[in-house]
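>
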Amino acid sequence: MEAEGADIAVLTHQDMFFRQGWVELMTEKISELPDSWVVAGVIGKDMEGNICGKFHDTRIPLQFNTGHRHSFPVAACCFDEAVIIVNLKKGFRFDERLDGFDIYGTMCVLQAWERGETAWIIEAFCEHYCTRPFTWFPDEEFARRWKWLWDTYKDATKIDSTVFGVPKNEPDILKPENMFPEEM
Amino acid sequence: MKAPYIIMAPEYRHNSAGVRALYRLKDELLKRGYRVSVCQGSDGKWTAPRGSIVVYPEIVPGNPLKGKTVARWVLNYPGLLDGDKEYDKSEIIFTWSELYYDAPLLMLPLIEDFFRDEKRPRSGSCFWVGKGLYTGLVNDQKHPSDAVEITYAWPETREELAKFLNEKEVFYTYDNNTLLTREAEMCGCKVVVIGEKLESDYDEFIRDYESQIERFIEVTQKAADKVKVSFGVMINDWQRYDMVLRQSEIDPAIHCHWLKSPESATKGLNKLLALWKLRARISQS
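Here the protein sequences come in this chain order: A and B.
Residue numbers are given in the working numbering: position 74 of the first sequence equals residue 86, and the series is strictly consecutive.
Residue numbers are given in the working numbering: position 230 of the second sequence equals residue 995, and the series is strictly consecutive.
1. Please report whether the beta-carbon of B/V1009 lies at a distance below 8 angstroms from any beta-carbon of chain A.
2. Please check if any C-beta of chain A sits within less than 8 angstroms of the C-beta of B/F880.
3. Please classify B/N1001 as buried or exposed, where buried requires at least 16 neighbouring CB atoms within 10 angstroms.
4. Measuring straight from C-alpha to C-alpha, what distance separates B/E957 and B/V935?
5. If we cut at 8 angstroms on Cβ distances, does B/S1048 have a partner in chain A?
6. Return no unless some Cβ of chain A is closer than 8 angstroms to the Cβ of B/H908.
7. Please report how far the alpha carbon of B/Y974 lies from the alpha carbon of A/E40, in whole angstroms.
8. Three Cβ pairs or more, each shorter than 8 angstroms: is that satisfied between the region 858-875 of chain B and the region 895-908 of chain B?
9. Any idea which residues DSSP pairs A/T24 with across the strands?
10. Spatial neighbours of B/V784 within its chain, please: C-beta separation below 7 angstroms, excluding the five flanking residues on both sides.
11. Thinking C-alpha only, which one of A/G53, A/T118, A/R144 is nearest A/V98?
12. Output yes or no for whether 8 angstroms exceeds the beta carbon distance between A/W6 and A/L23.
13. Please decide whether A/Q123 counts as near chain B, where near means a Cβ-Cβ distance under 8 angstroms.
14. Do you know offhand how far B/G798's Cα is from B/K767's?
15. What residues from chain B crowd round A/I20, counting only those whose CB sits closer than 9 angstroms?
16. Give the residues of chain A in contact with B/T900, contact being defined as C-beta atoms less than 9 angstroms apart.
17. Check the Cβ-Cβ distances between A/Y116 and every residue of chain B, and say whether any is below 8 angstroms.
18. Using beta-carbon positions only, say whether A/A124 and A/V50 come within less than 8 angstroms of one another.
19. At 3 residues or longer, and completely inside the region 33-58 of chain A: list those beta strand (DSSP E) runs for me, N to C.
20. Measure how close the beta-carbons of A/Y116 and B/T1031 come, nearest whole angstrom, since I'm counting them as under 8 angstroms.
21. Run through chain A and tell me which residues come within less than 8 angstroms of B/G897, C-beta to C-beta.
22. Which residues in chain A sit within 8 angstroms of B/S1029, going by Cβ to Cβ distance?
23. With a floor of 3 residues, list each beta strand (DSSP E) that falls wholly inside the region 836-924 of chain B, ordered by position along the chain.
24. Taking 8 angstroms as the threshold (beta carbon to beta carbon), is A/S92 in contact with chain B?
25. With a threshold of 8 angstroms, are at least 3 pairs of Cβ atoms found where one atom belongs to the region 84-103 of chain A and the other to the region 1002-1020 of chain B?
26. Check distances from the C-beta atoms of the region 795-825 of chain B to those of chain A and list, in chain order, the residues that come in under 9 angstroms.
27. Specify the secondary structure class of A/G128 as computed by DSSP and reduced to three states.
28. Ignore the nearest five residues each way along the sequence and tell me which others in B/E851's own chain have a CB closer than 8 angstroms to its CB.
29. Note down, one range per segment and in chain order, each beta strand (DSSP E) of at least 3 residues found wholly within the region 61-112 of chain A.
30. Quick one: is B/L926 near chain A, going by C-beta distance under 8 angstroms?
31. Say whether chain B places a C-beta atom closer than 8 angstroms to the C-beta of A/T24.
32. How is B/P822 classed by DSSP in three states: helix, strand or coil?
33. Measuring CB atoms only, is the region 829-844 of chain B touching the region 809-820 of chain B, in the sense that at least three cross pairs come out at less than 8 angstroms?
34. Keeping to the same chain, check which residues put their C-beta closer than 6 angstroms to that of B/V913; ignore five residues upstream and five downstream.
35. With distance defined between alpha-carbon atoms, name the residue in A/R127, A/G177, A/F137, A/D92 nearest to A/S48.
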């Protein structure tokens, strides 16, 4: 346990903005989680693959608010990497075999499950002043890492990422062989 | 925000100073505006809500309510009656007497005003075994054969006990660690302690009880509110960091660790996670 320092780490992107009171709100919502929580996010996907959370990506005029569908906290299958909250008491570390700068918001959930613990999306609105263009598309490197994730976490209940806007009735598209048929 | 208290205590009974102390603590906390509930046991399933402070007397082993903030009130020698002899390092410990544990004192007034010498005619004696049952001293009877025994069940009320002690000349006790000794003295009895006599510090410390309870509240509330948060960020564009994250309306006292252009996200984030062991307000790796 990293008792000398903090209890909770907020790993955030450099272009995230947190309003006054966010820390207090976040710690209050974190306090509602079961002891098994290892990682939490503010925006991600629920276990059915639905986007989940309260969040503003400033590239989009409307805000994400899935409060009509979700009663928070919600068990997550992946997080957007913009904000990942880590329970420091659990000694969690990201699996460094994953290179690059994407999909660690998925992997940390898979790692939590592998440890027999849990991952949650909490209700803690914040803003992402993101400038990455929407024209971004998964490349070969991404495909390689995505496949590695599937190969490594074979027993995972679900593997998903917020970079995919997947229709609910087509969950198989998330399988690497369907997503990147040429590379497989 | 005031953290609520959960006190684990047996069902109230007037004939145990320890039990009375736990309920007096409840009253004192309520009087000061804190939410308090008394829990008489654990089914192993219900756990104390986060943000609450659980108070256990020394007779409760472990942390059955799985409280995040635990205050242990040592009301007797650890492990003598029940419970552990050592406590978890995370527990905040207070003691009724320095004889029991090296910890800050928390002693509350438990003797009512009607324990006083009424100067009435007295005769005969009485005796009390209490915790003396555990010492073996009681096997070698030292009290007169016609002495009347005070038991956990009799006298039935505290008022009746005070009246009874005003009728007796001598009070024998096989329990050298009982408030009954002081109550008998206050009622004018000559007190005979069978075995080693312990010096009572009740009167001295009780004068200071208000500050003791204030200290108890201050320490436990601070501990309940101690969830510490730090931020960590990997930076590849200082301008964006300066213009966005650094403008966040976060208490400047909250640490923000940053890391410039790591080899990969996972390696960078792990370095940040390791940095939380440091106390520096802003650290660079």
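Ideal Cβ placement from N, Cα and C applies to all residues, glycine included.
The answer reads as follows:
1. yes
2. no
3. exposed
4. The amino acid at residue 957 of chain B is misidentified as Glu; the sequence shows Val. Near 7 angstroms, if we compare the C-alpha coordinates of B/V935 and B/V957.
5. Interpretation of B/S1048 is limited by its pLDDT of 31, a score under 50 that renders its predicted location unreliable; the figure taken from the coordinates is listed afterwards. Chain A contact via Cβ: absent.
6. no
7. 34 angstroms
8. no
9. A/V95, B/V998
10. A774, P775, Y777, R778
11. A/G53
12. Since the first residue of chain A shown is 13 and the last is 196, residue 6 of chain A is not available in this structure.
13. no
14. 9 angstroms
15. V992, K993, V994, S995
16. Ordered by position in chain A, no residue passes the 9 angstroms Cβ test against B/T900, which lies about 41 angstroms from the chain.
17. yes
18. yes
19. 49-53, 55-58
20. 6 angstroms
21. Result: empty, since nearest Cβ-Cβ is about 43 angstroms, beyond 8 angstroms.
22. E108, L110, D111, G112, F113
23. 857-860, 890-893, 913-915
24. The amino acid occupying residue 92 of chain A in the given sequence is Asp; Ser does not appear at that position. Chain B, which has no Cβ nearer than 8 angstroms to the Cβ of A/D92, makes this no.
25. no
26. T812, P814, R815, G816
27. coil
28. P843
29. 63-69, 86-91, 95-99
30. no
31. yes
32. strand
33. yes
34. C891
35. A/R127
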